[in-house]
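Chains as they are written, first to last, in the UniProt record's numbering: chain D, 1 to 269; chain B, 1 to 269; chain U, 1 to 269; chain P, 1 to 269.
Positions of the beta carbon are idealized from the N, C-alpha and C atoms, including for glycine.
Quantities reported herein were computed from a predicted structural model and do not represent experimental measurements.
Have a look at the structure below before the remarks.
4 protein chains.
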Amino acid sequence: MCRWAAYLGPQLYLEDVIASPCHSLIAQSHDAHEAKTRTNGDGFGVAWYGERPEPGLYRDILPAWSDQNLKSLSRQIRSHLFLAHVRASTGGATSRTNCHPFVSGKWSFMHNGQIGHFDRLRRGLEAKLDDELYVQKLGSTDSELIFLLMLQYGLDRDPAQSLVETVNVITAEAERAGVPAFIRLTAAFSDGIQLYAVRYATDRFAPSLYTATLSPSSGLCVVSEPLDGEAENWMPVPPNSFVTVKNSKRIAIEPFMAQETSGPVLESA
Amino acid sequence: MCRWAAYLGPQLYLEDVIASPCHSLIAQSHDAHEAKTRTNGDGFGVAWYGERPEPGLYRDILPAWSDQNLKSLSRQIRSHLFLAHVRASTGGATSRTNCHPFVSGKWSFMHNGQIGHFDRLRRGLEAKLDDELYVQKLGSTDSELIFLLMLQYGLDRDPAQSLVETVNVITAEAERAGVPAFIRLTAAFSDGIQLYAVRYATDRFAPSLYTATLSPSSGLCVVSEPLDGEAENWMPVPPNSFVTVKNSKRIAIEPFMAQETSGPVLESA
Amino acid sequence: MCRWAAYLGPQLYLEDVIASPCHSLIAQSHDAHEAKTRTNGDGFGVAWYGERPEPGLYRDILPAWSDQNLKSLSRQIRSHLFLAHVRASTGGATSRTNCHPFVSGKWSFMHNGQIGHFDRLRRGLEAKLDDELYVQKLGSTDSELIFLLMLQYGLDRDPAQSLVETVNVITAEAERAGVPAFIRLTAAFSDGIQLYAVRYATDRFAPSLYTATLSPSSGLCVVSEPLDGEAENWMPVPPNSFVTVKNSKRIAIEPFMAQETSGPVLESA
Amino acid sequence: MCRWAAYLGPQLYLEDVIASPCHSLIAQSHDAHEAKTRTNGDGFGVAWYGERPEPGLYRDILPAWSDQNLKSLSRQIRSHLFLAHVRASTGGATSRTNCHPFVSGKWSFMHNGQIGHFDRLRRGLEAKLDDELYVQKLGSTDSELIFLLMLQYGLDRDPAQSLVETVNVITAEAERAGVPAFIRLTAAFSDGIQLYAVRYATDRFAPSLYTATLSPSSGLCVVSEPLDGEAENWMPVPPNSFVTVKNSKRIAIEPFMAQETSGPVLESA
């Protein structure tokens, strides 16, 4: 179980999310509260959007708390839209290619959760990828594969639907392989314009997801657990939700993978 | 193009091959003579056989010349059979999982060369692997895949034949993909008992391969280029040869992938 | 606060101490029980004695729990005498040169604890070193400097006395600098023949130290906290003690830095 | 012998200097032409000035040519003033703390060259530092110490003079230690406003130094060797010169450490 935070709004130094709040992402790398594992020391990464369509990417295998480069970069780089992640491996090796976020063209993606029985499903799922996506796979994590499947199933056209199809394909592959379908998925991703997030699980234990405004003048944060101790400021996102942060003030939360999808259930402005 | 050295014979400190000769493997990491690239600074690795059936493995991403751990380990560890490798990437990322040797059970494998158009062939070749081999793939190199294909095609039963089939499968996949088959392959591998090597290419430029006895009392070395300046001590292995180092005194060199395989052409004792 | 374990006795695979017991050193890197910090993820190291007078040394900056090299090395290497350490930095950067054990000639040393106000004392303490010791300093930790001071004050002649003088020099330097003397020191060190340890603090909170026999046929372990859950097997060493493991069955525990040193208080055989 | 490049002028993506020209700094990390060592694979670093008075700093121990983070960062970060360095160690360990540039407050510094007999002089030179500078020393290189000595001798007040005094102190310390004074020094440094460089040696072999305008609209580069093949664009700086890049069009080159300093010898606008 990893920890992550994403931001959309007026330009902010990365450190305002990664390093500065009392329960910042770096603090969570050392001692998370709502994660299955307290320590998230198996690497970290940050993807941020600047003046180019594609994001910048800095990932490394040290624990976030001890990386001096991360400290310096997050003090210098300002961005209106970024994703940051600290990793607790559920199996894959600690290598840069297994660290989140993953990036392809203008898209970035990061994840907390897992695909159950991944060893049994990996091969069948990789076979769904077109050649040009297949060769983009550099690591061995289920997270990277979820991202590539979303690209395969139309992330560019319809982000929510591409994720629905990805979940369906994983479920079908589990059935084919004769193992129970088991997915826990709390992810954030962006095309450089909007910020998306999802909270979903096939069982009742979807990993936590919260949103908040960091300060009156700041934009919106979506996080796996609150960045400060003021719990009342952080709105929990219900399980099985798809979140679209449209701009620094406006967020839409829709049901995800419900029996009948009936449109937005909650829109805050 | 990488550089490597392998040894079978009476126990030797690893440093006697890796660090000590005037043109040692560490020296070649900084300045190789017969390689396409002079610098082999994209990681290194060593696999050695000790008291267990499976080999020990130490790989890292620093250049071999600056790794203090390698210096200390190779001063302490003695082995009768080991493989050592310095890497010059032809594309894959610099990560431990992309460094040679690769290990599976009792087998170890390392390689200098490449599969042409690998991006076009990778997917079809990976599909040849059984599930239990498929999930062993941790990196993204053609070298690791060659090793897994050899395991797939009977490395345990008949090492030379498993490599013949691997080459044939790569060639067939190239044909299927509509690209010219292009393989350059100088590899060494071992099951902990014998040491095998191959020198092969689909064109006239098979990467170099030599054998020699390091000293009157030592065993046999197989290397991608001589470890010292005394060229007359090093016997070049002809292109398209399969080498079996049977013990510290005896080596068999057979034709590999010839039109008709007519048995050993050279056996030195 | 770091965690460490040292062993003297019949040859053992390193993994029997580092990886195998239920609360092994690798397990403690992720979740220590008696340390001020639960996570010891700022690098690790192992020094072991083999066939040479000087020890082998493997140190790296990843958390011990995720280092595949450590897993493989500790499965292959057997030793009758070794020191292993997982680090939780109290300030210094995460670099190999700041990881324990430190090695000089035949000596190895590792440490849990700290010198208070080290920034104010460092310069004066370094000035005590002879030129040839001064240039051996590669990192910036108080631990490395304690080791070099012990070498300066006769570690080769009288290990306990060299440590007494080191403590006295640190105390005097604190007085000179106008800061309260504050030392917490639980260390192990060896010359390749005997294994020494110390538990000491200037206040009442000397970091914990235990000894035990791992199994009826094994030798003696000295550790910062027990390696398994069977607390009754582990004998706590009293504060302000100097421990000499003479062989796999015999250990002497003497008072350290007491008002009057009155010889061994406890010798178990 | 390392390679480096520094820039002052209208904002430029770092990659325009680090990665893009045909003989870019990354290309030089693999194959330098005018350096004593062709390979500069012992780490790299970049310091850049943005919206804060102190520079950002990214340093790592991989060869620059294989670091994906460096590629991404240098594509995203734009700066009007930056220093970039690829390292070939002349002795010190490969660690982040030994990589250039070094940073202290608003100042950044990088270096190609060496102090002869540094092991004999290091201790005496470190003793010249005030306490607050002494504790800033994190690594073990002569380069970091030169930078700290410059800070000690008034870098803030008079950059050229602080370097004169540093050279004099090193020379005096060599005399005191009974070794010949031997300094080769080609360095660049900045306070975030102006860019300074020096080319100096106690013998006739001061490491090379060049300046050029990258393009009609760009600012000024100061480099250890030209970034492209068009040698005629690159003006060699004479040995024993102190360079001040005042703005993107104006550079002053004065004699450095000459018998009588007679003011600017060359000013180009």
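| Query | Result |
| --- | --- |
| Where U/Pro21 falls: helix, strand or coil (DSSP) | coil |
| Distance, D/Asp131 Cα to B/Val265 Cα | Bear in mind that the predicted position of B/Val265 carries a pLDDT of just 45, short of 50, making it too unreliable to give a figure here. |
| Endpoints, beta strand (DSSP E) assigned at D/Asp60 | Gly56 to Asp60 |
| Neighbour flag for D/Asn69 against chain P, beta carbons, 7 Å | yes |
| CB contact below 7 Å: D/Arg3 versus chain U | no |
| Ordered list of alpha helix (DSSP H) runs contained in the region 133-178 of chain B, each at least 4 residues | 142-152 and 159-177 |
| Contacts that D/Arg176 makes with chain B (C-beta to C-beta distance below 9 Å) | Within chain B, no residue comes near D/Arg176; the closest Cβ sits about 13 Å away, beyond 9 Å. |
| Supposed close pair B/His100, B/Cys2 - CB separation, criterion 8 Å | 7 Å |
| Span of the beta strand (DSSP E) around residue 341 of chain P | Because chain P spans 1 through 269 in this model, residue 341 of chain P falls outside it and cannot be assessed. |
| Own chain partners of B/Gln152 with C-beta closer than 7 Å, once the 5 adjacent residues on each side are dropped | Lys128, Leu129, Asp130 and Leu133 |
| Straight-line gap, U/Gly263 to P/Thr171 (C-alpha atoms, nearest Å) | Its pLDDT being 43, under 50, U/Gly263 is placed unreliably by the model, and nothing is read from it. |
| Positions along the region 50-63 of chain B whose CB lies within less than 7 Å of some CB in chain P | Ile61, Leu62 and Pro63 |
| Rounded distance between the beta-carbons of P/Trp48 and P/Phe82, thought under 8 Å | 4 Å |
| Beta-bridge partners of U/Gln114, as assigned by DSSP | U/Arg184 |
| Beta-bridge pairing of D/Gly45 - partner residues as DSSP gives them | D/Arg59 and D/His85 |
| Cβ shell of P/Lys71 (< 7 Å), same chain only, five flanking positions each side left out | Ala19 |
| CB contact below 7 Å: P/Asp42 versus chain A | Although the question refers to chain A, the structure presented lacks it and instead comprises the protein chains D, B, U and P. |
| Endpoints, alpha helix (DSSP H) assigned at U/Ser72 | Gln68 to Gln76 |
| P/Gln114 burial status per 10 Å Cβ neighbour count (16 or more: buried) | buried |
| Endpoints, beta strand (DSSP E) assigned at P/Val223 | Leu220 to Val223 |
| Any chain B beta carbon closer than 7 Å to P/Ser66 | yes |
| Closer than 9 Å at the beta carbon, the chain B residues around U/Arg75 | Arg52, Glu54 and Gly56 |
| Neighbour-count burial assignment, P/His111, 16 or more Cβ in a 10 Å radius | buried |
| Beta-bridge pairing of B/Thr90 - partner residues as DSSP gives them | Paired residue(s): none; B/Thr90 is not in a bridge. |
| 6 Å Cβ shell around P/Asn98 - same chain, five flanking residues per side excluded | Gly92, Gly139 and Thr141 |
| 8 Å Cβ cut-off: residues of chain U touching B/Ser72 | Gly56, Leu57 and Tyr58 |
| Beta-carbon gap between D/Ala6 and D/Ala212 smaller than 7 Å | no |
| Segment contact, 8 Å Cβ cut-off, at least three pairs: the region 227-247 of chain U with the region 20-27 of chain U | yes |
| P/Pro255 (DSSP reduced to helix, strand or coil) | strand |
| Under 8 Å (Cβ pairs) to chain B, residues found in the region 81-105 of chain P | Ser89, Ala93 and Thr94 |
| Nonlocal neighbours in the same chain, by C-beta distance under 7 Å from U/Gly9, ignoring five residues either side | His80, Ser218, Gly219, Leu220 and Ser248 |
| Assigned exposure category for D/Ala258 - 16 Cβ within 10 Å defines buried | exposed |
| D/Arg123 (DSSP reduced to helix, strand or coil) | helix |
| Assigned exposure category for P/Leu163 - 16 Cβ within 10 Å defines buried | buried |
| Per DSSP, the bridge partner or partners of P/Pro236 | P/Tyr210 |
| Exposure label - P/Ala269; buried when at least 16 CB within 10 Å | With a pLDDT of 47 at P/Ala269, under the threshold of 50, the modelled position of that residue is not reliable, and the figure given next carries that caveat. Flag for P/Ala269 reads exposed. |
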